[in-house]
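Trainee: Take any residue in the sequence shown, count from 1 to its spot, add 74: that is its number in this note's numbering.
In this text, a Cβ means the ideal position worked out from N, Cα and C, and glycines have one as well.
Everything numeric in this text was worked out from a predicted model, so none of it was measured.
The structure's right below; bear with me while I get my questions together.
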Amino acid sequence: KKDDIKRAKDIGIIASMQPIHCVKDRDVAYKFWGDRCKGSAYVWKTVLKEGIPLAFGTDVPVETLNPFYSIYTAVVRHDIGEETPWYPEERLTLYEAFSAYTKGSSYAEKKENIKGTIEVGKLADFLILEEDPFNIDIEELYKLKPMATIVGGSIKIGNI
75 KKDDIKRAKD
85 IGIIASMQPI
95 HCVKDRDVAY
105 KFWGDRCKGS
115 AYVWKTVLKE
125 GIPLAFGTDV
135 PVETLNPFYS
145 IYTAVVRHDI
155 GEETPWYPEE
165 RLTLYEAFSA
175 YTKGSSYAEK
185 KENIKGTIEV
195 GKLADFLILE
205 EDPFNIDIEE
215 LYKLKPMATI
225 VGGSIKIGNI
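In structure tokens, the structure reads:
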């Protein structure tokens, strides 16, 4: 509800959400909440517009570990093979979804000064991807694979 979102902002809540729930739990949510879902369930865009920090995660082991599948659902708001988004007005841009996974999650753990973005002086923990997620068809996003995992500036998995 709008009052809840305003109250969350006023008291400094960080919205920690798992975007994959939007598509995996949609039928159950609609069954129990019906049209009350609109404007109150999985409202990521509204949360961001209101200035509430948004932190995304995968919800492993309940859902898949693949963050790109989760980012995909945040951007398109439908599952793989579907076409109709659930409450499309709450879709995020690809940048917003990646930011919630990186900057937002680091902010939620109060470590935004050392990680969450690639900057001089921060931990060098990141992935090298096989393709640029900002230059592929969005319907291919969930298939992205890392070529290498860099931790503390050293390659830990894979190669480049």
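State the start and end residues of the unbroken alpha helix (DSSP H) segment that holds S144.
Mentor: S144 -> alpha helix (DSSP H) spans 141-150.
Trainee: Inspect the CB distances between the stretch 217-232 and the stretch 188-199 and report whether three or more fall short of 8 Å.
Mentor: Verdict: yes, contact present.
Trainee: Between I87 and I126, what straight-line distance do the alpha-carbon atoms span, to the nearest angstrom?
Mentor: Taking the straight line from one Cα to the other gives about 7 Å.
Trainee: With a Cβ-Cβ cutoff of 8 Å, do S114 and T132 count as a contact?
Mentor: Cβ atoms of S114 and T132: not closer than 8 Å.
Trainee: Output the boundary residues of the alpha helix (DSSP H) element that contains I79.
Mentor: From DSSP, the alpha helix (DSSP H) with I79 extends over 76-84.
Trainee: Which of the three DSSP states, helix, strand or coil, is assigned to A42?
Mentor: Summary: the structure shown does not reach residue 42, with the chain confined to residues 75 through 234, and so no result is reported for it.
Trainee: Tell me whether S228 is buried or exposed, calling it buried when 16 or more other Cβ atoms sit within 10 Å of its Cβ.
Mentor: With fewer than 16 Cβ atoms within 10 Å of its Cβ, S228 is classed as exposed.
Trainee: If Y181 sits next to G190, beta carbons under 8 Å apart, how far is it from one beta carbon to the other, in whole angstroms?
Mentor: So it is a contact: roughly 7 Å between Cβ atoms.
Trainee: Pairs of beta-carbons, one from the stretch 92-108 and one from the stretch 134-150, closer than 8 Å: are there three or more?
Mentor: Yes, they touch.
Trainee: Can R100 and W160 be called in contact, C-beta distance under 8 Å?
Mentor: For R100 and W160, yes; Cβs fall inside 8 Å.
Trainee: Between E186 and K177, which are expected to be in contact by the criterion C-beta below 8 Å, what is the C-beta distance as a whole number of angstroms?
Mentor: Going by Cβ atoms, the distance from E186 to K177 rounds to 7 Å, so yes, they are a contact pair.
Trainee: Could you tell me if P141 is buried or exposed, where buried requires 16 or more neighbouring beta carbons within 10 angstroms of its beta carbon?
Mentor: Looking at its Cβ environment, which holds 16 or more other Cβ atoms inside 10 Å, P141 is buried.
Trainee: Here's the rule I'm using: 16 or more other beta-carbon atoms within 10 Å means buried, otherwise exposed. How should W107 be labelled?
Mentor: Looking at its Cβ environment, which holds fewer than 16 other Cβ atoms inside 10 Å, W107 is exposed.
Trainee: Distance, Cα to Cα, W118 vs D84?
Mentor: If you take the alpha carbons of W118 and D84, they lie about 17 Å apart.
Trainee: Do A103 and L128 come within 8 Å of each other at the CB atom, strictly closer than that value?
Mentor: Their beta carbons are not under 8 Å apart, which means L128 does not touch A103 by this criterion.
Trainee: Pick out whichever of E124, T138, L139, L215 has its Cα sitting closest to the Cα of Y169.
Mentor: Looking at the Cα atoms, L215 is the closest of the given residues.
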